[in-house]
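Data block below; observations after.
2 protein chains.
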Amino acid sequence: MVHVLVHMALLGGRETSDTIARMLNTNPVVVRRMMGLLKARGIVHSEGGRGGGWTLQRPLAELTVLDVQDALDQGPILAPGLSNDQPVCPVERAANTALTAAFGVGEDVIRTEFAKLTLADIAQSAVEGH
Amino acid sequence: MVHVLVHMALLGGRETSDTIARMLNTNPVVVRRMMGLLKARGIVHSEGGRGGGWTLQRPLAELTVLDVQDALDQGPILAPGLSNDQPVCPVERAANTALTAAFGVGEDVIRTEFAKLTLADIAQSAVEGH
DNA sequence: ACTTTCCGTAACAATGCATGTTGCACTTTG
DNA sequence: CAAAGTGCAACATGCATTGTTACGGAAAGT
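So the protein lines, in turn, are chains A and B.
Counting from 14, one number per residue, gives the positions in the first sequence under my numbering.
Counting from 14, one number per residue, gives the positions in the second sequence under my numbering.
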């Protein structure tokens, strides 16, 4: 999805679900599902009818990977596979809280990284061709 | 699994796959699959035949959550959902490298956290009953 | 008016992956 | 020799993601 948004900005225009689907080797309905989530966050805008399609609502410099992440799957990025087999067992509870804490630290770091990374950064790397 | 290992230490003994399976609401074969991985890393030992079962090979203080993690699923803990639809596209490549870098930072942090966390720590929390 | 080209959505099918299950060979102890 | 274990392979099941089909509605061209 990040890929798609950067492309939309670089190509400067309006893209239809069909076009995007071909870019991703998938089909238009899947694209609409995901773009709908981005639309709900005000990241893109859609226009129906002939000549319609999707347009970016913000410059890439004001759009971070975190914005995209939160739009697409709300909830934590990192999911510790906690067990819930014996909810009363103090050992299980201690293990769960310890693991949750460790994942929480990682979650914070990743969110910080994502927040620092704008789509403009990615666009620039792509143009420079690393 | 962390849960199980702490229990084995606290109960002080040998546990069969059957017993462990009941603790986890699962069945013995699944337990053997996972314990086999721990065995391959020298974390536990198994004995066949009547009276057999699983025993810990190290004190809990010398066993970190990272050891368990690496035994159970080798490979990175965090998996960025990279796309591989247009491998040549510079935008896709730029997006992938940027995301990989961000996840790498998170991965390092989590591994550090896991390495600091011994099963003895968890056992202590469990006994103290938080 | 009518056709074409879009998005929006619901219902359903297919796919992949982790988990669960069965069955059998082998080992150790009573 | 029977009972109680692990070890392993093959297969079944369940669940979430993804893909698909089939609509309806809106906007623009003719």
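Just so you know, even glycine gets a beta-carbon here, dropped at the ideal spot from N, CA and C.
Because the structure is a prediction, the values reported are computed rather than measured.
If we ignore side chains and look at the alpha-carbon of each, how far apart do residue i and residue j end up?
i                 : j                 : result
Ala-34 (chain A)  : Met-21 (chain A)  : 13 Å
Thr-110 (chain A) : His-16 (chain B)  : 11 Å
Arg-27 (chain B)  : Leu-73 (chain A)  : 59 Å
Gly-66 (chain B)  : Val-122 (chain A) : 41 Å
Leu-23 (chain A)  : Met-36 (chain A)  : 14 Å
Leu-51 (chain B)  : Val-19 (chain A)  : 44 Å
Val-42 (chain B)  : Pro-41 (chain A)  : 43 Å
Thr-77 (chain B)  : Ala-128 (chain B) : 6 Å
Pro-89 (chain A)  : Val-81 (chain A)  : 13 Å
Phe-116 (chain A) : Glu-105 (chain A) : 16 Å
Gln-99 (chain A)  : Gly-55 (chain B)  : 27 Å
Mind checking residue i: buried by the 16 CB within 10 Å criterion, or exposed?
i                 : result
Pro-93 (chain A)  : buried
Asp-86 (chain A)  : exposed
Glu-126 (chain A) : buried
Glu-141 (chain A) : exposed
Ala-136 (chain A) : buried
Ala-53 (chain B)  : exposed
Thinking C-alpha only, which one of the options is nearest residue i?
i                 : options                                 : result
Arg-45 (chain B)  : B:Ser-30, B:Thr-39, B:Ala-133           : B:Ser-30
Gly-64 (chain B)  : B:Gly-55, B:Thr-32, B:Val-19            : B:Thr-32
Leu-91 (chain A)  : B:Met-14, B:Leu-24, B:Gly-119           : B:Gly-119
Gly-25 (chain A)  : A:Pro-41, A:Val-101, A:Arg-71, A:Gly-61 : A:Arg-71
Thr-131 (chain B) : A:Leu-112, A:Gly-62, A:Pro-103          : A:Leu-112
Ala-133 (chain B) : B:Gly-62, B:Gly-61, B:Met-14, B:Glu-75  : B:Glu-75
Answer yes or no: do residue i and residue j have a C-beta to C-beta separation smaller than 8 Å?
i                 : j                 : result
Thr-68 (chain A)  : Val-57 (chain A)  : yes
Ala-114 (chain A) : Ser-138 (chain B) : no
Arg-124 (chain B) : Leu-79 (chain B)  : yes
Ser-59 (chain A)  : Met-47 (chain A)  : no
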